[in-house]
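Taking it in order: structure first as C-alpha cells, then the write-up.
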Amino acid sequence: MDCIKVRGKTDLIITKSVSRFARNTVDSLQNVRKLKEHGVEIYFEKENIWTFDSRGELLITIMSSLAQEESRSISENTTWGKRKQFAEGKTSVGYSAFLGYDKDFKINEEQAQVVKLIYKLFLGGRSFYAITKELEKRGLKSPSGKDKWYISTVRSILTNEKYRGDALIQKEYTADFLDKTRQKNTGEIPQYYVEEHHEAIIPPDLFDFVQSEIKRREQNGKHSGVSIFANKIKCGCCGGWYGAKVWHSTDKYRRVIYRCNKKYAHKGKPCSTRHLTEEEIKQIFVKALNSLVEVKENVIAELRSLIDDVCQTEELTEERDKVEQELRVLAERLETLIRENARVAQDQTAYLKQENEIRALYMEKQGDMEQLDEQIAARESKRKTLEAMIQVVCGIDGEQVEFDEELWGGLLDHIVVKEDGTVVVVFKGGIEIGVGG
11 MDCIKVRGKT DLIITKSVSR FARNTVDSLQ NVRKLKEHGV EIYFEKENIW
61 TFDSRGELLI TIMSSLAQEE SRSISENTTW GKRKQFAEGK TSVGYSAFLG
111 YDKDFKINEE QAQVVKLIYK LFLGGRSFYA ITKELEKRGL KSPSGKDKWY
161 ISTVRSILTN EKYRGDALIQ KEYTADFLDK TRQKNTGEIP QYYVEEHHEA
211 IIPPDLFDFV QSEIKRREQN GKHSGVSIFA NKIKCGCCGG WYGAKVWHST
261 DKYRRVIYRC NKKYAHKGKP CSTRHLTEEE IKQIFVKALN SLVEVKENVI
311 AELRSLIDDV CQTEELTEER DKVEQELRVL AERLETLIRE NARVAQDQTA
361 YLKQENEIRA LYMEKQGDME QLDEQIAARE SKRKTLEAMI QVVCGIDGEQ
411 VEFDEELWGG LLDHIVVKED GTVVVVFKGG IEIGVGG
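Letter by letter, the sequence shown follows residues 11 to 447 of the numbering used here.
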C-alpha cells in the first residue's frame, strides 16, 4: 500500500488474478476500496476485471469468494491426505533442527552422542539450566547450530518420544487455512502414537524413567541441580538437607564441604551431624554400591517382589471402573430429575432437596475416583522406577572403583548422615545400606 501514500505516484496496478491479490473476500474489497479512494485502479488479467468499472466490485466479491472456497478445498484435501498418512503411521520431521537424526530417521552418530550426554547429565542430578551451562562449556552446538542452549531445548530433548523410537503424530495442527496459523493440538483433532517407528537413541526403559524423574522433581518443587549432591543428603538430627559451604574462600586452603543447612538455625544446641567433602560422598556411594552388587541377584529378586507386591493396579482399576459406573448412574438420575421438573410442575422444595442429595453424592464419588486415579498413577510410576532400577543393576558388572554420576542419579534416592557419624545410603525402591563413619 506504499503507492497510495503519495497521490499520483501510481495510477494502475495489474494483477494476475483475484486469488493472488488477497487472502479472502474481505481483504480484497477493503484493499480495492482503499486504492480507489486514492485514484488507483486495479486490473485482474485472468478475470478481465477493472475496478473502476461499475460491475467491478460485485465481480470481485464473487471471484474472491470462489477463490477463497477453492483455497479452503485445496487445504482440506491436502490436510485429509496428510492425516490419512498419519493414521497409517507415516510421518515426517524437520531434520535440520532435530538433533540426533538425519533424513528418514537415520541416526546421526555425532549428534546422538550429544543427546545421550544430555540424558546422562540429567540422570546424574543436573537441572535443565545446569545442563545448558555444561553443554555451552563443552562448546557443543544446539539443534539450530547455535552456541547458546536454552532450557526449553533441553527439556524438549528429554521429553521427545522420538528418542525412544516412537512417534506422536499431529502434536500441532493448522488452525486457519488462510494464514496457515499453527496451534498446539489439545484434542481438537486425532493424534496417532506409533511404537517402534524408527531406531531409538535412548533405550525405552531409560526414557520412561527420565519422564518419571522429571515428574518427581516437579512434584517435589524447585530442583537446583547446580550440584549433583544437592537435595540428596539428609541430616539425621533435624531432617533438613545438606548444602554446599565454602571454607577459606579467599585463600589457598579453599574447599567445598556439605553440612546441614539448618545446623545453626535451631535455638540451643546445633545439629551434631558431621560435614562431608565431595570425595567422602563419592566414596560412601561407591562402597554402598559395591555392597549392593555383592548381593545383586537378591536385590533384583527383591525389586521384582516389590513390583508384584506394591505396584499392582488391577484391584484399583476394577474399583475405579465401579465408581465410574456409579457416576454415570448418578448423572443419568440427575438429568432425568431436571427434565421431569421442567416437564411437570413439582414441589420445588422437595425437588431441590433431591437434586442437592444427588449432586452431593456425585461430588463424593468424583472425589473417590480422583483418589483412585492418583493411587493408580503413583503405583505405575513406582513400577517404572523399580523396573528402571532393575535394568541399571543388571548392567553393573563387577566391583565399582570410580564414582559414576549416571549410577548416582539412576539408583540413589538419598543419603542420611546420623548423629553417631554413620551413614545410611537409601536406594530407589527403599533398599538401605549402612556405611561406617
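We put the beta carbon where it would ideally sit given N, CA and C, even for glycine.
Bear in mind that the values here come from a model prediction, so they are computed numbers and not experimental data.
Measure the beta-carbon distance from residue i to residue j and round it to whole angstroms, keeping in mind my assumption that it falls under 8 Å.
i	j	result
tyrosine 252	isoleucine 243	4 Å
isoleucine 212	arginine 174	6 Å
glutamate 397	isoleucine 317	7 Å
valine 266	leucine 133	That belief does not hold up - the Cβ atoms of valine 266 and leucine 133 are roughly 22 Å apart, past 8 Å.
serine 301	isoleucine 443	5 Å
phenylalanine 295	tryptophan 418	6 Å
leucine 22	glutamate 51	5 Å
isoleucine 441	glutamate 312	7 Å
lysine 392	cysteine 321	5 Å
glutamine 358	leucine 347	Not quite, the Cβ-Cβ distance comes to about 12 Å (not below 8 Å), so this is no contact.
methionine 323	isoleucine 400	According to the sequence displayed, residue 323 carries threonine and not methionine. Not a contact, Cβ separation roughly 18 Å.
Here's the rule I'm using: 16 or more other beta-carbon atoms within 10 Å means buried, otherwise exposed. How should residue i be labelled?
i	result
alanine 298	buried
valine 427	buried
lysine 26	exposed
threonine 61	buried
tyrosine 268	buried
leucine 362	exposed
arginine 136	buried
histidine 207	buried
serine 152	buried
alanine 140	buried
leucine 421	buried
leucine 131	buried
cysteine 270	buried
glycine 49	exposed
lysine 190	In this prediction, lysine 190 has a pLDDT of 48, which is less than 50 and means its spatial position is unreliable; what the coordinates show is noted afterwards. Exposed, because fewer than 16 other Cβ atoms sit within 10 Å of the Cβ of lysine 190.
cysteine 404	exposed
threonine 432	exposed
glycine 446	exposed
asparagine 308	exposed
tyrosine 111	buried
threonine 283	buried
lysine 439	Note that residue 439 corresponds to glycine in the displayed sequence, not to lysine. Buried, because 16 or more other Cβ atoms sit within 10 Å of the Cβ of glycine 439.
Start and end of the beta strand (DSSP E) containing residue i?
i	result
isoleucine 294	Not the beta strand (DSSP E): isoleucine 294 falls in the alpha helix (DSSP H), residues 288-304.
tryptophan 257	252-257
phenylalanine 219	Phenylalanine 219 -> not in any beta strand (DSSP E); alpha helix (DSSP H) instead, spanning 214-229.
lysine 244	243-245
glycine 444	442-445
aspartate 423	422-427
tyrosine 268	265-270
isoleucine 23	22-25
isoleucine 211	Looking at the DSSP string, isoleucine 211 is not in any beta strand (DSSP E), and its letter there is neither H nor E.
isoleucine 238	Premise fails: isoleucine 238 is in no beta strand (DSSP E) and is neither H nor E.
phenylalanine 437	433-437
tyrosine 511	The first residue shown for the chain is 11 and the last is 447, placing residue 511 beyond what the model contains.
valine 204	202-204
leucine 109	Here leucine 109 belongs to no beta strand (DSSP E), and DSSP marks it neither H nor E.
From what residue to what residue does the alpha helix (DSSP H) around residue i run?
i	result
isoleucine 163	As written in the sequence, residue 163 is threonine, which differs from the isoleucine given in the question. Element bounds for threonine 163: 161-169.
tyrosine 53	From DSSP, tyrosine 53 is part of no alpha helix (DSSP H) but of the beta strand (DSSP E) over 51-54.
valine 339	324-353
valine 402	358-405
Where residue i and residue j are concerned, what is the direct C-alpha to C-alpha distance, given to the nearest angstrom?
i	j	result
threonine 327	glutamine 201	25 Å
aspartate 331	arginine 338	11 Å
tyrosine 372	threonine 163	43 Å
aspartate 383	lysine 44	60 Å
arginine 148	aspartate 423	29 Å
aspartate 176	arginine 314	27 Å
glutamate 409	glutamate 416	16 Å
glutamate 288	arginine 264	13 Å
threonine 88	aspartate 378	At threonine 88 the pLDDT is 49, less than 50, meaning the model places this residue with poor confidence and gives no usable figure here.
glutamate 171	lysine 273	44 Å
glutamate 367	glutamate 336	14 Å
aspartate 430	valine 436	17 Å
lysine 113	alanine 122	14 Å
leucine 168	threonine 142	12 Å
alanine 370	glutamate 329	20 Å
alanine 360	leucine 340	18 Å
valine 305	alanine 388	28 Å
leucine 76	lysine 56	At leucine 76, the pLDDT of 49 sits below 50, so the modelled position is not reliable; the number obtained from the coordinates is stated separately. Spanning the two alpha carbons is a distance of roughly 14 Å.
isoleucine 425	lysine 255	18 Å
leucine 286	glutamine 293	11 Å
glutamate 325	glutamate 380	15 Å
phenylalanine 217	phenylalanine 413	23 Å
alanine 210	arginine 349	55 Å
isoleucine 59	threonine 20	18 Å
leucine 344	alanine 355	17 Å
Kindly provide the ranges of any beta strand (DSSP E) runs that are 3 or more residues long and lie completely inside the stretch 113-160, ordered along the chain. none
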